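Enquirer: For the sequence shown, the positions run 1 to 337 when full-length UniProt numbering is used.
Where a beta carbon is used, it is the ideal one built from N, C-alpha and C, also for glycine.
Small disclaimer: the values here were computed from a predicted structure and weren't measured.
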Amino acid sequence: MTAGRRESPAPARDSEVPPGDALAPDAGFAQYLAAPEGPQTLPGQAGPDVAIRTVAAEGRRGPVAIRIYGEPSQAAGPALVWLHGGGFVSGSLDMPESDYLGRVLASSGIPVLSVDYRLARDGVHFPVPHEDTLAAWFWIRRNAAELGLDPGLLCLGGAGAGGNLAVGAALYLTDAGKPLPAKLLLAYPFLHAELPPPAGGLDEEVMATLPRYLRFTLEDCVRQAENYVGGPVSMASSYAMPGYADPSGLPPTAMVACEYDDARGSSELFADNLRQAGVPVSFFLARGAVHGHLNHAAGSPEAQPVLDFLATELAAAKALFHSAKPATRGGLPVREG
């Protein structure tokens, strides 16, 4: 990895779900999709009808669209800046793990600001999506008062590749001495180019029955990482592959991993590294779920425990913020840049 942050050691892991972590009821989601009579996706829903508008942040490569769900001026608590997944090469603000999630959280009183970052295709590579993420974050903070948001209660998160962008941005903010998100919220994040083995292994019988489109294999990870980086993974900045970085100084983190996800070990390893660095972690294992399942199960009971977990963690960010002292570095107040 390219210099920027020292790499974090890989701690030993001897249990699938550490004490105090959350475990969802087994929904049998993977088996249902894999069954001969099962559909490719569970019946989806459009999501609640909420106020939606789009604004634009000015980035280094041009405008970055931000879709705002809910009425921020009416919110008295945290808001979530969210980044969709798609392996850096696909996905949009309209995919369920972005749009449906935004609608559900906004309907519960949590504004969501979804970032339309540039995808790594047609010659686009890191750091462009990373820079778009930071441009959106800084714009939202600068305009928080006008938007009716408390800048100290802004949380940052994402799913899959969006989780990578969220962690990479938080590492940059930490290193640069900028104000941090109140909390990171990550759903099956793509953090390592080479997949560490999941604790307890995977149920190979179940994994073998899954259609190829539901798998996220080592080959997928390496190929997508190299495309994102624009070359060998060995040249990647720690902001591009943040799972290898020392996570010291990151904000409290809530993370969702999926039982039948080839990349589950990446989430588990990152959670362990956060704990070793003294970062508070809430870890939720979605049993019976596969990588990207929020896209396949929008509006279904299978997705609801994950959405409930994220909503609870967002609500907890308010209490955490008000119990904390003002952030300082080197004895001086943190300044926005």
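In whole angstroms, what separates the C-alpha of V81 from that of M95?
Expert: Distance between the alpha carbons of V81 and M95: 16 Å.
Enquirer: Between L165, S267 and A297, which lies nearest to F284 when the distance is taken from Cα to Cα?
Expert: S267
Enquirer: Among V89, A187 and T253, which has the Cα closest to the Cα of A286?
Expert: A187
Enquirer: Tell whether a beta-carbon distance below 7 Å holds between A257 and L185.
Expert: no
Enquirer: Per DSSP, C155 forms a beta bridge with which residues?
Expert: Answer by DSSP bridge pairing, in chain order: L80.
Enquirer: Counting beta carbon pairs with one atom in the segment 244–254 and one in the segment 213–229, are three or more of them shorter than 8 Å?
Expert: no
Enquirer: Whole-angstrom Cβ separation of L314 and I52, contact assumed at under 8 Å?
Expert: Going by Cβ atoms, the distance from L314 to I52 rounds to 19 Å, so no, they are not a contact pair.
Enquirer: Quick one: Cα of G59 to Cα of H291, how far?
Expert: 30 Å
Enquirer: From this set, G168, G158, P127 and K178, which residue's C-alpha is nearest P151's C-alpha?
Expert: K178
Enquirer: For the segment 228–241 and the segment 126–143, state whether three or more C-beta atom pairs, one from each stretch, are separated by less than 8 Å.
Expert: yes
Enquirer: Which residues in the same chain have their Cβ closer than 7 Å to the Cβ of D261, if we skip the five residues on either side of it in sequence?
Expert: Exclusion of the five residues before and after D261 leaves Y188, F216, V290 and H291 as the residues of its chain whose Cβ lies within less than 7 Å of its Cβ.
Enquirer: With 16 as the cutoff for other CB atoms within 10 Å, does P242 come out buried or exposed?
Expert: Label assigned to P242: buried.
Enquirer: Use the C-beta contact count for S92: other C-beta atoms within 10 angstroms, 16 or more gives buried, fewer gives exposed.
Expert: exposed
Enquirer: Buried or exposed: L154, going by 16 or more other Cβ atoms within 10 Å of its Cβ?
Expert: Buried.
Enquirer: Where A319 and P232 are concerned, what is the direct C-alpha to C-alpha distance, given to the nearest angstrom?
Expert: 43 Å
Enquirer: Would you call the segment 62–69 and the segment 107–126 touching, i.e. three or more CB-CB distances under 8 Å?
Expert: Flag = yes, the segment 62–69 and the segment 107–126 touch.
Enquirer: Is the CB-CB distance between A159 and E97 below 7 Å?
Expert: yes
Enquirer: In terms of residues, what are the limits of the beta strand (DSSP E) holding L184?
Expert: L184 to A187
Enquirer: For the beta strand (DSSP E) that I68 lies in, which residues bound it at each end?
Expert: G62 to Y69
Enquirer: Does M255 come out as helix, strand or coil in the three-state DSSP assignment?
Expert: Assigned with DSSP and collapsed to three states, M255 falls in strand.
Enquirer: Going by other Cβ atoms of all chains shown within 10 Å of its Cβ, with 16 needed for buried, is E219 buried or exposed?
Expert: Around the beta-carbon of E219, fewer than 16 other beta-carbon atoms lie within 10 Å, marking it exposed.
Enquirer: Distance, Cα to Cα, H84 vs N273?
Expert: 24 Å
Enquirer: Is G162 closer than 7 Å to R103 when the C-beta atoms are compared?
Expert: No; because the gap between Cβ atoms is not below 7 Å, this pair is not in contact.
Enquirer: Which residue's Cα is closest to the Cα of G87: P198, F190, E194 and S282?
Expert: F190
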